[in-house]
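Asker: Numbering (the numbering used here), first residue to last: 7 to 220.
We put the beta carbon where it would ideally sit given N, CA and C, even for glycine.
From a predicted model like this one, the values you see are computed outputs, not experimental measurements.
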């Protein structure tokens, strides 16, 4: 069965590979703030997540997305029943938009700024997964062992904030941070108003059990 996660991976891969050999595709889809400010090309918030800089960039994002996306998608179906897949798709799409809002406001008329990749949306899905399964073991380079998600999450955000402040490299760390934060906020809002599942209570109880609180 073709899941939402696999559908996104296939679509992103096809368009990304097309962009590798056709610069016009990249130029038309990339996140370019002046094109949004001056030409109202708001679609770039979403289409920039369908293209990647190179094969390694694509593989890293899609592999990370597959590992967590499949789990989060199945859990959303359990929580929201038949609406689960639609809500999961909304998580991914809206994460693409929200994660780039701070970047846009900081670069509205910066003709030298461009950004591409699905990292922000992937972060949203990953952090929704961390909040659902906070004790799940996760790895982070160069630590040679797994650590629980509720520890990994803050470490990842702190590292991303540090790298964003340094401002070196071509990675949009701001998108990672805001995508991650939005993933948790989205989960808390949707579960509160659209289900009987208490995400915060589930998160807290899982950590209590893990640290021997009972």
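(1) Near residue 35, what residues of its chain come up, given a Cβ to Cβ distance below 8 Å and the 5 sequence neighbours on each side ignored?
(2) Less than 8 Å separating the beta-carbons of residue 163 and residue 190?
(3) Just reading off the alpha helix (DSSP H) that residue 86 is part of, what are its end residues?
(4) Please report the distance separating the alpha-carbon of residue 1 from that of residue 205.
(5) Around the C-beta of residue 144, are 16 or more other C-beta atoms found within 10 angstroms, so that it is buried, or is it exposed?
(6) Counting along the chain, where does the alpha helix (DSSP H) carrying residue 123 start and finish?
(7) So residue 89 and residue 132 are in contact, right, with Cβ under 8 Å, and what is the actual spacing, rounded?
(8) Is DSSP giving residue 25 helix, strand or coil here?
(9) Under 8 Å, do residue 18 and residue 93 count as touching if we go by C-beta distance?
(10) How long is the line joining the alpha carbons of residue 5 and residue 46, rounded to whole angstroms?
(11) Using CA atoms only, rank isn't needed, just tell me which of 33, 83, 60, 156 is closest to residue 211.
(12) Which runs of the alpha helix (DSSP H), 4 residues or longer, sit entirely within the segment 126-192?
(13) Thinking C-alpha only, which one of 130, 115, 32 is nearest residue 67?
(14) Any idea what DSSP makes of residue 111, helix, strand or coil?
(15) Going by the beta-carbon positions, is the gap between residue 74 and residue 200 smaller than 8 Å?
(16) Let me confirm a value: residue 217 is counted as buried when at least 16 other C-beta atoms fall within 10 Å, else exposed. Which label applies?
(17) Which residues does DSSP pair with residue 37 in a beta bridge?
Answerer: From the atom records:
(1) 21, 25, 50, 53, 54, 56, 57, 122
(2) no
(3) 61-86
(4) Because residue 1 is not part of the residues shown, which for the chain are 7 to 220, the question remains open.
(5) buried
(6) For residue 123, no alpha helix (DSSP H) encloses it, and the DSSP letter there is neither H nor E.
(7) 22 Å between Cβ atoms; not a contact.
(8) Three-state result, residue 25: helix.
(9) At a Cβ-Cβ threshold of 8 Å, residue 18 and residue 93 do not count as neighbours.
(10) Residue 5 falls outside the range modelled here, since the chain spans only 7 to 220, and no answer is possible.
(11) 156
(12) The alpha helix (DSSP H) runs of length 4 or more contained entirely in the segment 126-192 are, from start to end of the chain, 155-172.
(13) Taking the Cα of residue 67 as reference, the smallest distance to any Cα among 130, 115, 32 is reached at 130.
(14) helix
(15) It is not a contact, given that the beta carbons lie outside the stated cut-off.
(16) With a 10 Å radius around the Cβ and a threshold of 16 neighbouring Cβ atoms, residue 217 comes out exposed.
(17) 121
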